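Visitor: Here it is, the structure, as structure tokens.
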Amino acid sequence: MRAGPAILLLLLFNPNPAHAFRAGVAGGAVGLSNGHPNAADFRSVNTYKGHLTFSDYDISLATTQLLFGRVLEFKSGAYIIPAAGLVLDSNGSGPGISATFGWTAFCLGVCVYVEFQNLLGAGPNRHLVSGSAARFGLDYSSK
Amino acid sequence: MNTSLKILTAVVFSLPAAIASGFEIGGGGGFVTQGDDRLSPATYAWMQTERILVSASAMGEKNSSYSQQIIFPVAGYVVYPAKSKSVQASVGLGGMISYTRLANSEEKNAALQKLQRTAGLAFGLRWSPKISRNLIFRAAWDSVFIPPGLSVMYLTFGHMQSVTAGLGWEF
Chain A
13 MRAGPAILLL
23 LLFNPNPAHA
33 FRAGVAGGAV
43 GLSNGHPNAA
53 DFRSVNTYKG
63 HLTFSDYDIS
73 LATTQLLFGR
83 VLEFKSGAYI
93 IPAAGLVLDS
103 NGSGPGISAT
113 FGWTAFCLGV
123 CVYVEFQNLL
133 GAGPNRHLVS
143 GSAARFGLDY
153 SSK
Chain B
730 MNTSLKILTA
740 VVFSLPAAIA
750 SGFEIGGGGG
760 FVTQGDDRLS
770 PATYAWMQTE
780 RILVSASAMG
790 EKNSSYSQQI
800 IFPVAGYVVY
810 PAKSKSVQAS
820 VGLGGMISYT
830 RLANSEEKNA
840 ALQKLQRTAG
850 LAFGLRWSPK
860 ISRNLIFRAA
870 WDSVFIPPGL
880 SVMYLTFGHM
890 QSVTAGLGWE
900 F
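Going down the list, the protein sequences come from chains A and B.
Residue numbers for the first sequence follow this note's numbering, so the first one is 13 and each next one is one higher.
Residue numbers for the second sequence follow this note's numbering, so the first one is 730 and each next one is one higher.
Now the structure itself:
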């Protein structure tokens, strides 16, 4: 096998296992309840998210959230982060929960990750905060 | 033997193995998010083996202008991210099938009908403790991200969520 594809495969199947510390930034589209009220609402606000992970505990800050969660890694760099904290949308903010489904790969000091996030929360005046996000990001990690 | 028959045969012969590995079936209710901050009541049903989940949320709405039925089917691979087997997550394919019937006020007795189907990525998180030997409680938080054509290049997605609870039976 030629060196290029071999290195690419090695990186692809070499996701970082447990990290003592991770920090990263991601960008993508988030749903701020500004979609058309169809059954599936389309959203296209581009924002960024920053996060810090100490051991398995994650703090993330974005337009949609200030959340504290637990990273559950289960296979080949795939992870789920159940989290709770403050969630926001275009109509207000309030306490809420989040579930993030992601995959980390291409690790060589810095990792690339992609993630999808669901948000639910209680906003003001019986308003439901119902957000979502799809992001690509970069992570720095130290063991 | 044609392809359909082969698939059917494979499914039939794999059923005993699926059942032997713990097959559960159940139903319940909850709500689905319907754009902005609208919620709609929904019913929820599922079938699951240890690793494969098939589920669907269904909702309907009827008023003087239109009636609409929407189903969000999901087929996913089940993982157990925590130490407890009660905590489950799934990743797979989902979609939306909606049937809308418009009542046209200008043309009496005329109705417009539209059947729409879309597909996307499905993610779910569940808490599913056993109440008794076979009876299972399930609280589920499911979602479907639907890529709207080429707009997915900008990471734009349609999105629905459902929060449901129900009871199931493990065979």
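The beta carbon of each residue, even a glycine, is placed where N, CA and C say it ideally should be.
For clarity, every value in this text was computed on a predicted model and none was experimentally measured.
1) Since A:Val42 and A:Gly62 are thought to touch, with beta carbons under 8 Å apart, how far apart are those beta carbons, to the nearest angstrom?
2) For A:Lys61, decide whether its Cβ has a neighbour in chain B, counting only Cβ atoms nearer than 9 Å.
3) For B:Pro810, which of helix, strand or coil comes out of DSSP?
4) Hey, is B:Ala811's beta-carbon within less than 9 Å of any beta-carbon in chain A?
5) What number of angstroms, rounded off, separates the C-alpha of B:Thr829 from the C-alpha of B:Ser794?
6) Which two residues bound the contiguous beta strand (DSSP E) that contains B:Arg780?
7) Helix, strand or coil: which one does DSSP assign to A:Arg138?
8) Rounded C-beta distance between B:Gly756 and B:Gly895? I'm assuming under 8 Å.
9) Who are the neighbours of A:Pro94 on chain B, taking C-beta pairs under 8 Å?
10) Using 8 Å as the Cβ pair cut-off and three pairs as the minimum, do the region 105 to 112 of chain A and the region 126 to 144 of chain A touch?
11) Kindly indicate which three-state DSSP category A:Gly4 falls into: helix, strand or coil?
12) To be precise: take each residue of the region 103 to 116 of chain A, compare its Cβ to all Cβ atoms of chain B, and keep it if any distance is under 7 Å. Which residues remain?
13) Rounded to the nearest angstrom, what separates B:Ile844 and B:Met776 at their Cα positions?
14) Between the region 813 to 829 of chain B and chain A, which residues of the former have a C-beta closer than 9 Å to a C-beta of the latter?
15) In whole angstroms, what is the alpha-carbon distance linking A:Phe148 and B:Gly789?
16) Compare the C-beta of A:Leu100 with all C-beta atoms of chain B and state if any pair is closer than 9 Å.
17) Which residue from A:Thr59, A:Ile71, A:Val122 and A:Asn137 puts its Cα closest to that of A:Gly106?
18) Given a cut-off of 9 Å, decide if A:Phe86 and B:Ala869 are closer than it, judged by their beta-carbon atoms.
19) Which whole-angstrom value describes the C-beta separation of B:Phe874 and B:Gly849, a residue pair presumed to lie in contact below a C-beta threshold of 8 Å?
20) Within a Cβ cutoff of 6 Å, which residues of the same chain sit near A:Ala90, ignoring the five residues on either side of it in sequence?
21) Closer than 9 Å, CB to CB, is B:Ser872 near chain A or not?
Guide: Taking the coordinates as given:
1) Taking a contact as a CB-CB distance under 8 Å, the pair A:Val42 and A:Gly62 does not count as one, their CB atoms being some 13 Å apart.
2) Interface annotation, A:Lys61: not in contact with chain B, CB-CB separation never under 9 Å.
3) Here B:Pro810 sits in coil by DSSP.
4) Interface criterion met: the Cβ of B:Ala811 is under 9 Å from a Cβ in chain A.
5) Using only the alpha carbons, I get a separation of about 11 Å.
6) Boundaries cannot be given for B:Arg780, as no beta strand (DSSP E) includes it and DSSP labels it neither H nor E.
7) In this structure, A:Arg138 counts as helix in the three-state DSSP scheme.
8) Yes, B:Gly756 and B:Gly895 are in contact; Cβ-Cβ is about 5 Å, under 8 Å.
9) What A:Pro94 touches in chain B: Leu854.
10) Contact between the region 105 to 112 of chain A and the region 126 to 144 of chain A is present, because at least three Cβ pairs lie under 8 Å.
11) What the structure shows of chain A is the stretch from 13 to 155, and residue 4 of chain A is not part of that stretch, so it cannot be assessed.
12) Listed by position, the residues of the region 103 to 116 of chain A near chain B (Cβ gap below 7 Å) are Asn103, Ala111 and Phe113.
13) In the sequence as displayed, the identity of residue 844 of chain B is Leu instead of Ile. Answer to the nearest angstrom: the Cα atoms are 25 Å apart.
14) Listed by position along the chain: Val816, Ala818, Val820, Met825 and Ser827.
15) Straight-line Cα distance between these residues: approximately 35 Å.
16) For A:Leu100, the answer is no, since every Cβ of chain B falls outside 9 Å of its Cβ.
17) From the listed residues A:Thr59, A:Ile71, A:Val122 and A:Asn137, the smallest Cα separation to A:Gly106 is found for A:Asn137.
18) No, the pair does not count as a contact, with Cβ atoms beyond the cut-off.
19) In this structure B:Phe874 is in contact with B:Gly849, their Cβ atoms being roughly 5 Å apart against a cut-off of 8 Å.
20) Cβ-Cβ distances below 6 Å link A:Ala90 to Trp115 in the same chain, with the five nearest sequence neighbours on each side left out; the list follows chain order.
21) Residue-level contact by beta carbon holds for B:Ser872 and chain A, with a gap shorter than 9 Å.
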